[in-house]
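Asks: Just so we're aligned, residue 1 is where the sequence shown starts under the working numbering, counting upward by one. All residues carry an ideal CB built from backbone N, CA and C; glycine is no exception. Since the model is a prediction, treat every value here as computed from it, not as a measurement.
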Amino acid sequence: MIDFDKATAYANALDSDISVEPWQQVRDGKLWRGYAGTIYGCPVATDNGATFDSRADALENARLFREQCREIRRKATGGAHEHA
Numbered sequence: 001m002i003d004f005d006k007a008t009a010y011a012n013a014l015d016s017d018i019s020v021e022p023w024q025q026v027r028d029g030k031l032w033r034g035y036a037g038t039i040y041g042c043p044v045a046t047d048n049g050a051t052f053d054s055r056a057d058a059l060e061n062a063r064l065f066r067e068q069c070r071e072i073r074r075k076a077t078g079g080a081h082e083h084a
């Protein structure tokens, strides 16, 4: 589970803070190339995973991560929409 301060920082990310980076890893002895969604330059992951075959899927996952962090903040603050 992500701690509240980190969740708040990611929840405050602007669209311009969200990006996609090329990602490479060895899978089954072969080099796989794909993409990871990032916020503030850091790769992020959800239950959907961390790496994807398409840039669009990686970007959507990073946006989902931000929304999940916003939900963590909402629950912790009783629904208040604070923005640092």
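Bridge partners for F52 per DSSP, in chain order?
Replies: By one-based count along the sequence shown, residue 52 stands at place 52. BP columns for F52 point to Y35.
Asks: Which residues in the same chain as A7 place their Cβ atom closer than 7 Å to its Cβ, once the five residues preceding and following it in sequence are excluded?
Replies: The residue given as residue 7 occupies position 7 in the sequence shown. Contacts found: C69, I72 and R73.
Asks: So what does DSSP say about T77, is it helix, strand or coil?
Replies: Working through the sequence shown from its first residue, we reach residue 77 at position 77. Three-state DSSP puts T77 in coil, outside helix and strand.
Asks: For the candidate residues D53, T77 and Y40, whose alpha-carbon lies nearest to that of F65?
Replies: Looking up residue 65 in the sequence shown gives position 65. Of D53, T77 and Y40, the residue nearest in Cα terms is Y40.
Asks: Which of the three DSSP states is assigned to I2 in this structure?
Replies: For the purposes of this step, residue 2 is taken as the residue at position 2 of the sequence shown. I2 sits in coil when the DSSP states are folded into three classes, being neither helix nor strand.
Asks: Could you check which residue in F52, Y35 and N12 has the C-alpha nearest to that of E21?
Replies: Within the sequence shown, numbered from 1, the residue matching residue 21 stands at position 21. Per the Cα distances, Y35.
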